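J.: This structure is in structure tokens; I'll ask about it shortly.
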Amino acid sequence: MQLNRNRLYLFFILSAVAGYIWLLINSGTRFTPSSAESGICFIKTVFGIPCPSCGSTRSLIHLFQGEIADAIRWNPLGIVLFPVMTIFPLWILFDWISKRSSFYHFYRRVELFIRQKYVATILVILLIANWVWNFYKGY
29 MQLNRNRLYL FFILSAVAGY IWLLINSGTR FTPSSAESGI CFIKTVFGIP
79 CPSCGSTRSL IHLFQGEIAD AIRWNPLGIV LFPVMTIFPL WILFDWISKR
129 SSFYHFYRRV ELFIRQKYVA TILVILLIAN WVWNFYKGY
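Residue numbers (the numbering used here): 29 to 167.
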């Protein structure tokens, strides 16, 4: 299902807001990682194994503090999530104010690029490697 511009923008804005609320809940009032066990993962709770995104919350908290190495150690996916939560909402706001669709066109180009078989294969391999990394770290 292809989202139209306004639905896509609303999805990204609501996702970013939900992400910021989640970060605030899990980081305490000082916006620092509250503990090594902070965060809730449905997959880890139910199956006892980490999911590919385990550690992403702590990764993002470290990125917001400028601690890139710690962020990568917790979960490299935080590097991908960071622009989604920082740049994308600002870009969408700019588009709404200026009545443009630059983010929508960017999103469509990226979506078409990712749908290429070799690109999708590489991304799946990277995601599996990240999952293995989470097992190795013992999350």
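The C-beta atom is built at its ideal place from N, Cα and C for all residues, glycine as well.
A quick note: this is a predicted structure, and the numbers were derived from the prediction, not measured.
With distances taken from CA atoms, which of Trp161, Thr85, Glu139, Asn158 is nearest Leu52?
T.: Among Trp161, Thr85, Glu139, Asn158, the Cα nearest to that of Leu52 belongs to Thr85.
J.: Is the CB-CB distance between Leu91 and Phe110 below 7 Å?
T.: Closer than 7 Å, so yes.
J.: Taking only three categories from DSSP, how would you classify Glu139?
T.: Correct three-state label for Glu139: helix.
J.: Between the Cα of Asn34 and those of Ile89, Ser55, Arg128, Val112, spot the shortest distance and give me the residue it belongs to.
T.: Ranking Ile89, Ser55, Arg128, Val112 by Cα distance to Asn34 puts Arg128 first.
J.: DSSP three-state label for Gly47, please.
T.: Here Gly47 sits in helix by DSSP.
J.: Quick check on DSSP: helix, strand or coil for Ile96?
T.: Residue state, collapsed to three classes: helix.
J.: Thr57 by DSSP, collapsed to three states: which one?
T.: Unreliable placement is indicated for Thr57, whose pLDDT of 48 sits below 50; the coordinate value is still reported in the next sentence. Three-state result, Thr57: coil.
J.: Less than 7 Å between the beta carbons of Asn158 and Pro80, yes or no?
T.: Contact flag set, yes.
J.: Determine whether the beta carbon atoms of Phe131 and Ile120 lie at a separation below 7 Å.
T.: For Phe131 and Ile120, yes; Cβs fall inside 7 Å.
J.: With a cut-off of 8 Å on the beta carbons, I'd call Pro104 and Phe40 a contact; round off their distance for me.
T.: With a Cβ gap of about 21 Å, Pro104 and Phe40 do not count as contacting.
J.: What's the call for Ala99, buried or exposed, on a 16-neighbour Cβ count within 10 Å?
T.: Counting Cβ neighbours within 10 Å, Ala99 comes out buried, since at least 16 surround it.
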